[in-house]
Every structure is written in structure tokens, then in C-alpha cells.
Amino acid sequence: MAVRSRTGYYRQEVNRTAWEVPERYRDLKQVGTGAYGTVCSAWDRRLGSQVAIKKLHRPFQSKLFAKRAYRELRLLKHMKHENVIGLLDVFTAEISLDRFYLVMPFMGTDLGKLMKLERLTEDRVQFLVYQMLKGLKYIHSAGIIHRDLKPGNLAINPDCELKILDFGLARQADAEMTGYVVTRWYRAPEVILNWMHYTQTVDIWSAGCIMAEMLLGKPLFKGNDHLDQLREIMKITGTPAGDFVVKLQSQDAKNYIRSLPKVPKKDLHTIFSKASSNAVCVLEKMLLLDPEQRVSASEALELPFFSEFRDTEEETEALPYDQTMDNTDLPLDQWKRKRQTPNSAAPLSCVECFSLFQLIVLVTRPAV
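Heads up, the sequence shown stops at 368 in the UniProt record's numbering, and the numbers go up one at a time, no gaps.
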């Protein structure tokens, strides 16, 4: 039962958790939960449509949580593409900012759930992968690596329209990278080998794994741990040649690869015997051990497999994303509170927002 709260807001319990939301959002129903937030569907009376509201869990529990919340909000605000989730609204019912909520389009399901319900035809695979690559081209053009691409992060609506979700792990391409960031079955080999610097092609590997699963009806590489995952990958890609091994920055990784028995590369046409040659061609260009040899999202879109759906005007690029504040180490209270600056009356751009308070004010401020 809803309980009256501050002016313009009401309080409602959802699965024994209090939500305090503006009056415009009604009929809250929990649709998902994770380590960093819970998501409810709601009816937006102003837009006349369903939306998804994400309540962040303990955004100020630590500097790491605060930084993550700040980065997610900035990234959502930056992204403006039909195949990438964007921000409709952000609000907080508390001046303390101990809780705040992100409002995004409601899609209905995700690719992981869809694949459990039905086997996808190749033409649907074609359309969904095309949209995923358009979204990746846009994200990568901003200088961003998603880093956690998996079926559960690809939202799909009843019209088979796809949006890439969850930028909590996304980072600027030139920032230092750490290894254990993406669900194992979709993890690129260079992430398993823990290179300290990797590129946007980690997302291309993940996209290839996702496409392979769509065609097969099951994960292509289903390792039990990170070393088993690497072994599963090399059963298909074959063990790498010496010119690849010398590129590895980790001596331990070099020694491990050199210790492996030689395994020949498998022909993907034999694994995907029911798929078209054009579909297999996409996988062959994505699922390469050497990240430097993998196709980019932009190059993949030019492959014949996508020609039926291709519209180059929809393959847009983003403005560069400035990660200056994302990489700043600030005290916890400074991430949270409004920072006083000499020119505090001047309008702020997103890059100039030094706290979540300022960023929320900027996002919710009416356009002039």
C-alpha cells in the first residue's frame, strides 16, 4: 500500500523495500535485481508509457560505490543512440542523496531470457546482432569499452528492438584495465590472460560469443573457471602462434601458453553447420585470439551478413566522452555533496559536475 511522503512524491513498499518516487510514476513492479541496484517497471503518467526505474543500492557506502554511481549516471546521460540505453529522468526524494533513482526506457526482456524461451531463427539473429554492432560502434566512437557485454545486458522489446544496458563497468579505452570484469563465458582471452591494457575489441569477442550462442542455442565456450575457459576457447581457435605469444605483457601468461599442447584450429563451418556462410564469416572475424586481428564494430557492419538490414544513416557516432572526473580520486563526501566553486552561479556542463548532487541537478534541469 502506498504511503504519503514529501510533496510530489509517494512512498511504496516493493518486495519489502521502500521506494520513494514522484507521483508521475505508478504501478511499480520489481523486474530485476543485482549487486548494485534493483529495477522496477512503472507507468509514467506524463509520457503515457512504461519505464524502468533503477534504485541504486547504497551509492555512498564507499568511495568505490560513489564513483561507480557517478560514472553510470554520466555515461547514461552521454549516450544518445537507439541501440544504447539512455536516461529519461533521475530523481531523489532526499536532500541527503542517500538514495537516488535512474529512469530509463522499459524494454520487457533481455536476450538471455529470450534464448531460454525459444530458438532464434537466423534472420532474427541477423537483426539483433546488427543492432548490437550499431550500439557498439556508437559506444566505441565515444572512446568507451563496455567490458561486460553478455545476453543479460542486451534488452529487447516486443518489436525485437535491442538496447545495450549496464555501463557500471564501462571505462575509457585508454584507462588502465584489470582482468576479471566480464562474465566468464563471454570473456576475451586477453582479459583471462590479464593484460593490463586492452582495447575495444574485448567487446567484439563478447559479441561473437553472444552471436554464436544465438545460432547454437547454447554457449560456445562454457568453462568452469578462468583456465578451463581458456582451454575451451583454444579447442576451437587452436593454440596461438609464437607471434601472438610474444605480444603478451605477462610472463606468466607467456609461459602458460607455451606449456599447452598444440591444438589445431577448428573449422567454424563444421560447428555451425546449419548457419549460412555469411553468418559464419562474421564469427570468424570476431572470434580471433589476437585482438589486433579482430574486426571492429564499424568493419563488422560492412559484412554481407547485415546487408539486408543495413542503413548507414543509423550507424551514427558519439561525441567523445571525457573521463577526467571518472578517474579523479575524491573523498566520499565530495562525490556526494554539492561542491562550492567561485563561479557557482555559472551554468555547469556535464564534464564540470564535481559531485552527484550537481550532476542530478544538471540532468533534471529543464532545457532552455
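By construction, the Cβ of each residue, glycine as well, lies at the ideal position given by its N, Cα and C atoms.
Grab the span of the beta strand (DSSP E) containing residue i for me, first residue to last.
i           : result
residue 17  : 17-22
residue 103 : 101-105
Where does residue i fall in DSSP's three states?
i           : result
residue 81  : strand
residue 270 : helix
residue 244 : helix
residue 116 : helix
residue 295 : coil
residue 307 : coil
residue 89  : strand
residue 33  : strand
residue 14  : strand
residue 45  : coil
residue 186 : helix
residue 198 : coil
Select from the options the residue whose C-alpha is nearest the C-alpha of residue i.
i           : options            : result
residue 237 : 245, 266, 246      : 266
residue 312 : 7, 135, 210        : 135
residue 43  : 329, 297, 26, 253  : 26
residue 58  : 100, 105, 269, 250 : 100
residue 75  : 143, 29, 210       : 143
residue 11  : 92, 88, 80, 85     : 92
residue 262 : 131, 235, 194, 310 : 235
residue 308 : 18, 131, 295, 88   : 131
residue 56  : 49, 67, 48         : 67
residue 32  : 70, 14, 202        : 14
residue 278 : 257, 289, 301      : 301
residue 290 : 276, 199, 281, 63  : 199
How should residue i be labelled, buried or exposed, when 16 other C-beta atoms within 10 angstroms of its C-beta is the threshold for buried?
i           : result
residue 40  : buried
residue 51  : buried
residue 274 : exposed
residue 340 : Model confidence at residue 340 stands at a pLDDT of 36, short of 50, so the residue's coordinates are unreliable and nothing is read from them.
residue 116 : exposed
Taking the alpha helix (DSSP H) that residue i falls in, what are its first and last residues?
i           : result
residue 237 : 226-237
residue 123 : 122-141
residue 280 : 277-286
residue 385 : The displayed coordinates of the chain run from 1 to 368. Any statement about residue 385 would go beyond what the structure contains.
residue 251 : 251-259
Just to check my reading of the structure: residue i and residue j have Cβ atoms closer than 8 Å, yes? What is that Cβ distance to the nearest angstrom?
i           : j           : result
residue 212 : residue 283 : 6 Å
residue 242 : residue 231 : Contact doesn't hold; Cβ gap of about 19 Å is too wide.
residue 155 : residue 110 : 5 Å
residue 286 : residue 208 : 3 Å
residue 137 : residue 315 : 6 Å
residue 297 : residue 133 : 5 Å
If we cut at 9 Å on Cβ distances, does residue i have a partner in chain D?
i          : result
residue 47 : Of the protein chains in the structure, only one exists, and it is not chain D.
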